[in-house]
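With this note's numbering applied, the sequence shown closes on residue 319, and no number is skipped along the way.
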Amino acid sequence: MPLNMEDKKAVVAEVSAEVAQAQTMVLAEYRGIPVGELTSLRAQARANGVYLRVMKNTLARRAVQGTSFESLAGEMAGPLIYGISADPVASAKVLNDFSKTQAALVIKAGSYNGKVMDAAAVKALASIPGRNELIAMLLGVMQAPVSGAARVLAAVAEKKAKEAA
């Protein structure tokens, strides 16, 4: 069912609002993927804070006009799914992980920090740990000295208790 002019304006406004908050945008061809698989991809994207949208490329070009993602306009051809996220690696990670299980999803290009990336660069970006993973690593590093000191003190206390008995 074709969109009328008001619907097109609404789509462009919605995507523009997402793009304004985003740091990363990834484009992938989705030709040949069953609807059930796309539904699971959308659920996975929502869980990771990624805005995922299939739309006409002309509407996508209008939505990114005047933003740091405008340089991606040349890559917007064919049936594409757009992954947009405020987290720098989330959209790349979600689409890359899905492409490993579903060969029909082909990452085409992406943009981070105003720079266009090819498929290999998007895959490299996806290999970087996400924000939550980095925070968990940092907390582990911060807790290691404290927990080590606690174990040493407990061992010393246990040794003193054995000697006193």
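We put the beta carbon where it would ideally sit given N, CA and C, even for glycine.
First and last residue of the uninterrupted alpha helix (DSSP H) at residue i
{"i": "S245", "result": "244-255"}
{"i": "S281", "result": "No alpha helix (DSSP H) holds S281; DSSP gives it neither H nor E."}
{"i": "G190", "result": "189-201"}
{"i": "A164", "result": "159-175"}
DSSP state of residue i mapped onto helix, strand, coil
{"i": "T221", "result": "coil"}
{"i": "R207", "result": "strand"}
{"i": "M230", "result": "coil"}
{"i": "G237", "result": "strand"}
{"i": "G302", "result": "helix"}
{"i": "A319", "result": "coil"}
{"i": "G264", "result": "strand"}
Assumed close pair residue i, residue j - CB separation to whole angstroms, cut-off 8 Å
{"i": "V169", "j": "A227", "result": "V169 to A227, Cβ: 13 Å. No contact."}
{"i": "D241", "j": "R285", "result": "6 Å"}
{"i": "L98", "j": "L234", "result": "The shown model of the chain, from 155 to 319, leaves out residue 98, and the question about it has no answer."}
{"i": "L206", "j": "G237", "result": "5 Å"}
Within-8 Å CB hit, residue i to chain D
{"i": "R216", "result": "In summary, chain D is missing from the structure at hand, where a single protein chain is found."}
Minimum C-alpha distance to residue i - residue among the options
{"i": "E287", "options": "A182, V208, V173, A244", "result": "A244"}
{"i": "T221", "options": "M159, V270, L195", "result": "V270"}
{"i": "S239", "options": "L181, I289, G186, A273", "result": "L181"}
{"i": "S177", "options": "A315, E317, V300, N267", "result": "The question names Ser, but residue 177 is Gln in the sequence shown. Selected option, being the one with the closest Cα: N267."}
{"i": "R185", "options": "A303, I261, M296", "result": "I261"}
{"i": "L157", "options": "K313, A171, T212, L192", "result": "T212"}
{"i": "M209", "options": "V166, Q297, S301", "result": "V166"}
{"i": "R153", "options": "V173, T255, K247", "result": "As displayed, the chain neither begins before 155 nor continues past 319, which places residue 153 out of reach and without an answer."}
{"i": "V218", "options": "A273, S301, A171, G203", "result": "A171"}
Where the beta strand (DSSP E) containing residue i begins and where it ends
{"i": "L181", "result": "178-183"}
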